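Numbering (the numbering used here), first residue to last: 543 to 806. For every residue, glycine included, the Cβ atom is placed at its ideal position computed from N, Cα and C. Source: prediction; values computed, not measured.
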Amino acid sequence: LVQVHASSSGMGNDGGHDGIISEDEGALKRALGLFEEAERNYAYANMDRGGGGRTGIAKPAADNDDNVSSSPKDEEDYSNHPDLAMICENMALLFRRNNEHTAALARYQQALNIRQAGSHADADGGDDGKILGLMLSIADCLRALSKFDEASELYEQALASHIKTRKAEQAPQKGNDSVSKAESWLPFAGDSEAQGGVESRTALEAVIRHNLGLIHAECGRYELALEEYNTAREIKVALAGADHPEVAVTLNAVGAVHGASGDR
543 LVQVHASSSG
553 MGNDGGHDGI
563 ISEDEGALKR
573 ALGLFEEAER
583 NYAYANMDRG
593 GGGRTGIAKP
603 AADNDDNVSS
613 SPKDEEDYSN
623 HPDLAMICEN
633 MALLFRRNNE
643 HTAALARYQQ
653 ALNIRQAGSH
663 ADADGGDDGK
673 ILGLMLSIAD
683 CLRALSKFDE
693 ASELYEQALA
703 SHIKTRKAEQ
713 APQKGNDSVS
723 KAESWLPFAG
733 DSEAQGGVES
743 RTALEAVIRH
753 NLGLIHAECG
763 RYELALEEYN
773 TAREIKVALA
783 GADHPEVAVT
793 LNAVGAVHGA
803 SGDR
């Protein structure tokens, strides 16, 4: 399976989609049809696990007993298979490219439910980049549907999860003397005692804060919008330099807020 990826607009995202999406409506429908067929195949395999038809992929028999057959518990459960989540994500992106945000939202939510049901997923998705990406995609759809409060809440959750993960990555491990105390306590966004520390932030935080600024601006909360935009701009400048195109994107948004608020 080839995964189509979309992220919130921001640094590192050029709007490309791995070259498999065409603006041609017929090609888009054919792509959706193929994904729907793949989804049906996974559902069919899962339904037949306990019957006489096709079953899931059985685990190999023990080396010392070639005649041992696999039991149902050894078979793979397709209802929460990560490939099924990938299919849902690809379909969501196609809907999104066609401005069908309600349909995209439903597929993203389905993919998120599958990812969160995975045995390897953290309870709040704190260390799962795919879950974080889905949270952001859902928030993007909610914003496109003008459900600003829901979108803002989800962006905030994603930001908190991202910061938590970044802190854990920086924390010194037991028995690891190569990480100094100073290195392990770099300031992060949300730390009340942090002063500066822009270098320790990430492009993803800049993306989320820019999108939060968009929501505040849409709702007329101009001061809050400027706070988020300015933080996003500082991070972008620190990471990529003042001449990066993404810095211009945020500066343009700042100008729009000043214009809307009458501060010309």
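Since residue i and residue j are thought to touch, with beta carbons under 8 Å apart, how far apart are those beta carbons, to the nearest angstrom?
i	j	result
I777	F690	Incorrect: roughly 23 Å between the Cβ atoms, too far for contact.
A802	A759	7 Å
V796	V789	Not quite, the Cβ-Cβ distance comes to about 11 Å (not below 8 Å), so this is no contact.
Less than 8 Å between the C-beta atoms of residue i and residue j, yes or no?
i	j	result
L647	I680	yes
L781	A745	yes
L701	E747	yes
L626	I656	yes
M677	Q699	yes
Y771	V799	yes
Along the chain, where does the alpha helix (DSSP H) that runs through residue i open and close?
i	result
G671	G671 to A686
H758	A745 to E760
H643	H643 to A659
S640	One point to set straight first is that residue 640 is Asn, not Ser, in the sequence displayed. Looking at the DSSP string, N640 is not in any alpha helix (DSSP H), and its letter there is neither H nor E.
G801	P787 to A802
K709	F690 to Q712
A807	Residue 807 lies beyond the range of the chain shown here (543 to 806); nothing can be said about it.
Taking only the alpha-carbon atoms, compute the straight-line gap between residue i and residue j and give it to the nearest angstrom.
i	j	result
G660	C630	15 Å
D805	T773	20 Å
D785	M633	36 Å
G671	L754	20 Å
R743	E765	22 Å
A569	A693	31 Å
N640	L654	21 Å
A686	H643	7 Å
A767	N622	39 Å
S703	R582	33 Å
S688	A573	28 Å
Y650	E578	15 Å
G675	Y697	11 Å
E567	Q712	46 Å
F637	A645	6 Å
A587	G575	18 Å
G762	K706	30 Å
E695	H752	14 Å
P787	Y584	42 Å
R775	A580	42 Å
R708	P624	24 Å
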